[in-house]
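S.K.: Residue numbers (this note's numbering): 5 to 460.
Beta carbons are placed, not taken as given, at the ideal position from N, Cα and C, and that holds for glycine.
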């Protein structure tokens, strides 16, 4: 029996196991589910052992645990591949919007419905099943394989940086594939070549020692809320959308002609995009298409604004304090700490008289991630996706941030490849999350072919 036949014969069992896995409410954000996250870790460790993976262990961090396992008998002339995923899930609220209970998963319409089915329990289970199929039918894997699954991705992996640094020798590898990832549509593949980084700051402007009567002191002192608005307005050109902070673009890697061609190849309807979002027109940095701005240009966005009276009617007051929360999505080769310094310098240079202003650097920094052209693991993944989907994958980037990818690059010196089989329409992080069983099965074939290709 070959591995394809093995996968076909055992699909019913695999689907039931996925239901059992999804039924564990491993919500990492909630302290009362800490035991469930640990239970999910034990489930993963046991399932790795059942598949034939060795040296399997639940490893502690300063927070939620991680799970490791390996099979290292392919020999020193074969590459060592690290496969990553996560077994924690987002909170499922609001429960009343689910058609079936989020932690009582069901199969309907060729889909598994439940929290975490797509992100990332279905995805991370796929390579385990591929390894099982290869070991069961050939007695070995084509390459040396290590697995690392974490239990805190959905809260930003706060304890993973020191963990990965401490475990760098155990995790050393030649290639990394993330089973947490997306394909373009249910029947079209993609290769994600870039992720944006992230930095956040809070800008705080203060004036008088307490709120003041606007009739008694208006015109005599500056208003922190007005001063805040003026500082914020100075950060971006209202007509071109270009960020006006000195040095902000200095480290940006500009798009090449080939980059632009790859992005333009991906289908995009600007009118449909605007209609879906309910906006009258698109807006952003002049000189770039919407898709180029979304995927490959840095941003500065105002996420929250606080100051003054917010209740019904009016209150004639000069607020003593006003603040704004700002985040920047970064692209290669920008660095979060440098951008925070540039924002602070801009604020210092543009603070009006009569108030003081400062920034506080918020937690959650992430470096941008860009896979170099000609990257061997990416090329292999692209060849496999072409075989499995019958067409070349789109070459894409993502406007969001996945800190673990830059952690791997920093600690292990390896660019990871996103090789997951979820689809963006599967209600990730929302009620009624689901995972297509067609892609659950397709992903198993893809991982078997990938490991075989890497072992040639």
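#1: Considering just the uninterrupted stretch of the beta strand (DSSP E) at residue 201, what are its terminal residues?
#2: Rounded to a whole number of angstroms, what is the C-alpha to C-alpha distance between residue 95 and residue 404?
#3: Taking only runs that begin and end inside the stretch 332–407, name each unbroken alpha helix (DSSP H) of 4 or more residues, in chain order.
#4: Using CA atoms only, rank isn't needed, just tell me which of 159, 184, 199 is closest to residue 129.
#5: Can you give me the C-alpha to C-alpha distance between residue 292 and residue 202, rounded to a whole angstrom?
#6: Since residue 149 contacts residue 135 with CB under 8 angstroms, what's their CB separation in whole angstroms?
#7: Compute the distance between the beta-carbons of residue 63 and residue 181, then report whether it is under 9 angstroms.
#8: What is the DSSP secondary structure of residue 188, counted as helix, strand or coil?
#9: Apart from the five residues just before and just after residue 1, which ones in its own chain have a Cβ nearer than 6 angstroms to its Cβ?
#10: If you count every other CB in all the chains shown that lies within 10 Å of the CB of residue 281, and 16 or more means buried, which is it?
#11: Please classify residue 431: does DSSP put it in a helix, a strand, or coil?
#12: Residues in its own chain within less than 6 angstroms of residue 396 by CB, not counting five upstream and five downstream?
#13: Going by DSSP in three states, residue 159 sits in which element: helix, strand or coil?
#14: Looking only at its own chain, which residues have a Cβ that is under 7 angstroms from the Cβ of residue 6, when we skip the five neighbours before and after it?
#15: Ends of the alpha helix (DSSP H) at residue 233?
#16: With burial defined as no fewer than 16 other Cβ atoms inside 10 Å of the residue's Cβ, what is the status of residue 313: buried or exposed?
#17: Three or more C-beta pairs closer than 8 angstroms, one from the stretch 411–430 and one from the stretch 99–111: is that the case here?
#18: If you drop the 5 nearest sequence neighbours on each side, which residues of the same chain put their C-beta closer than 8 angstroms to that of residue 455?
#19: Please tell me whether residue 452 has its Cβ less than 9 angstroms away from any Cβ of chain D.
#20: May I ask which residues mark the beginning and end of the alpha helix (DSSP H) holding residue 218?
#21: Do residue 161 and residue 91 count as a contact pair if the criterion is CB distance below 9 angstroms?
#22: Could you tell me the boundaries of the alpha helix (DSSP H) in which residue 307 lies?
#23: From residue 287 to residue 298, what does the alpha carbon distance come to, in whole angstroms?
#24: Pop quiz: residue 347 and residue 205 are said to be a contact at Cβ under 8 angstroms. What is the actual Cβ separation, rounded to whole angstroms?
#25: One question on the structure: do residue 127 and residue 327 come within less than 9 angstroms of each other, judged by their Cβ atoms?
#26: What separation, rounded to the nearest whole angstrom, lies between the Cα atoms of residue 323 and residue 222?
#27: Please list, in chain order, all residues of the same chain as residue 386 whose beta carbon is under 8 angstroms from its beta carbon, the five residues on each side excluded.
#28: Is the separation between the beta-carbon of residue 19 and that of residue 441 shorter than 9 angstroms?
#29: Got a sec? Which residues, its chain only, sit under 6 angstroms from residue 343 by beta carbon, not counting five neighbours each side?
#30: Please determine, among 360, 79, 352, 372, the residue with the shortest C-alpha to C-alpha distance to residue 1.
#31: Thinking just about the alpha-carbon of each residue, which of 378, 259, 304 is nearest to the one in residue 401?
#32: Rounded C-beta distance between residue 406 and residue 199? I'm assuming under 8 angstroms.
#33: For residue 255, report the span of its alpha helix (DSSP H) as first-last.
#34: Could you tell me if residue 372 is buried or exposed, where buried requires 16 or more neighbouring beta carbons within 10 angstroms of its beta carbon?
M.R.: In short:
#1: Here the question's residue 201 lines up with position 197 in the chain shown. 201–210 is the extent of the beta strand (DSSP E) around residue 201.
#2: Taking the first residue of the chain shown as 1, we reach residue 95 at position 91. Taking the first residue of the chain shown as 1, we reach residue 404 at position 400. Their backbone Cα atoms lie some 20 angstroms apart in a straight line.
#3: 340–354, 380–393
#4: As a working mapping, residue 129 is identified with position 125 in the chain shown. Ranking 159, 184, 199 by Cα distance to residue 129 puts 184 first.
#5: Position 288 of the chain shown, counted from the start, is the residue given in the question as residue 292. Position 198 of the chain shown, counted from the start, is the residue given in the question as residue 202. C-alpha separation (whole angstroms): 21 angstroms.
#6: As a first step, residue 149 must be located in the chain shown, where it is residue number 145. As a first step, residue 135 must be located in the chain shown, where it is residue number 131. The Cβ separation is near 6 angstroms, so the contact holds.
#7: Position 59 of the chain shown, counted from the start, is the residue given in the question as residue 63. Position 177 of the chain shown, counted from the start, is the residue given in the question as residue 181. No, Cβ-Cβ distance for residue 63 and residue 181 is not below 9 angstroms.
#8: For this step, residue 188 is matched to residue 184 along the chain shown. Residue state, collapsed to three classes: coil.
#9: Outside the modelled stretch of the chain, which goes from 5 to 460, sits residue 1, for which no answer is possible.
#10: Residue mapping note: residue 281 aligns to position 277 of the chain shown, counting from 1. Its Cβ having fewer than 16 others within 10 Å, residue 281 is exposed.
#11: In the chain shown, the residue the question calls residue 431 occupies position 427. In this structure, residue 431 counts as coil in the three-state DSSP scheme.
#12: Numbered from its first residue, the chain shown carries residue 396 at position 392. Hits under 6 angstroms: 390.
#13: As a working mapping, residue 159 is identified with position 155 in the chain shown. Of the three classes helix, strand and coil, the one that applies to residue 159 here is helix, per DSSP.
#14: If you number the chain shown from 1, residue 6 lands on position 2. Excluding sequence neighbours, residue 6 sits near 141.
#15: Here residue 233 corresponds to residue number 229 of the chain shown, with the count starting at 1. Residues 228–237.
#16: By one-based count along the chain shown, residue 313 stands at place 309. Answer is exposed; the Cβ neighbour count stays below 16.
#17: no
#18: Counting from one through the chain shown, the residue named residue 455 turns up at place 451. So the qualifying residues of the chain are 85, 134, 135, 138, 145, 146, 147, 149.
#19: In summary, chain D is missing from the structure at hand, where a single protein chain is found.
#20: What you label residue 218 is simply residue 214 of the chain shown in a count that begins at 1. Its alpha helix (DSSP H) spans residues 218–221.
#21: Taking the first residue of the chain shown as 1, we reach residue 91 at position 87. Taking the first residue of the chain shown as 1, we reach residue 161 at position 157. No; because the gap between Cβ atoms is not below 9 angstroms, this pair is not in contact.
#22: In the chain shown, residue 307 corresponds to position 303, counting from 1. Not the alpha helix (DSSP H): residue 307 falls in the beta strand (DSSP E), residues 305–311.
#23: As a position in the chain shown, residue 287 is number 283, starting the count at 1. As a position in the chain shown, residue 298 is number 294, starting the count at 1. So the two alpha carbons sit approximately 11 angstroms from each other.
#24: On the chain shown, position 343 is the one that residue 347 refers to. On the chain shown, position 201 is the one that residue 205 refers to. So it is a contact: roughly 6 angstroms between Cβ atoms.
#25: Residue numbering aside, residue 127 sits at position 123 when the chain shown is read from its first letter. Residue numbering aside, residue 327 sits at position 323 when the chain shown is read from its first letter. Not in contact: residue 127 and residue 327 (Cβ atoms no closer than 9 angstroms).
#26: Within the chain shown, residue 323 is the residue found at index 319, counting from 1. Within the chain shown, residue 222 is the residue found at index 218, counting from 1. Answer to the nearest angstrom: the Cα atoms are 11 angstroms apart.
#27: As a working mapping, residue 386 is identified with position 382 in the chain shown. So the list reads 195, 396, 397, once near-sequence residues are dropped.
#28: As a first step, residue 19 is located in the chain shown; it is residue number 15 there, counting from the start. As a first step, residue 441 is located in the chain shown; it is residue number 437 there, counting from the start. Going by C-beta atoms, residue 19 is nearer than 9 angstroms to residue 441.
#29: Position 339 of the chain shown, counted from the first residue, corresponds to residue 343. 203, 332, listed in sequence order.
#30: For residue 1 there is no data in the structure shown, the boundaries of the chain being 5 and 460.
#31: Numbered from 1 along the chain shown, position 397 holds the residue referred to as residue 401. Ranking the options by Cα distance to residue 401, first place goes to 259.
#32: As a first step, residue 406 is located in the chain shown; it is residue number 402 there, counting from the start. As a first step, residue 199 is located in the chain shown; it is residue number 195 there, counting from the start. Going by Cβ atoms, the distance from residue 406 to residue 199 rounds to 5 angstroms, so yes, they are a contact pair.
#33: For the purposes of this step, residue 255 is identified with residue 251 of the chain shown, where counting begins at 1. That residue, residue 255, is in no alpha helix (DSSP H); it is neither H nor E in DSSP.
#34: Start at 1 with the first residue of the chain shown, and residue 372 comes out as number 368. Residue 372 is buried by the Cβ-count criterion.
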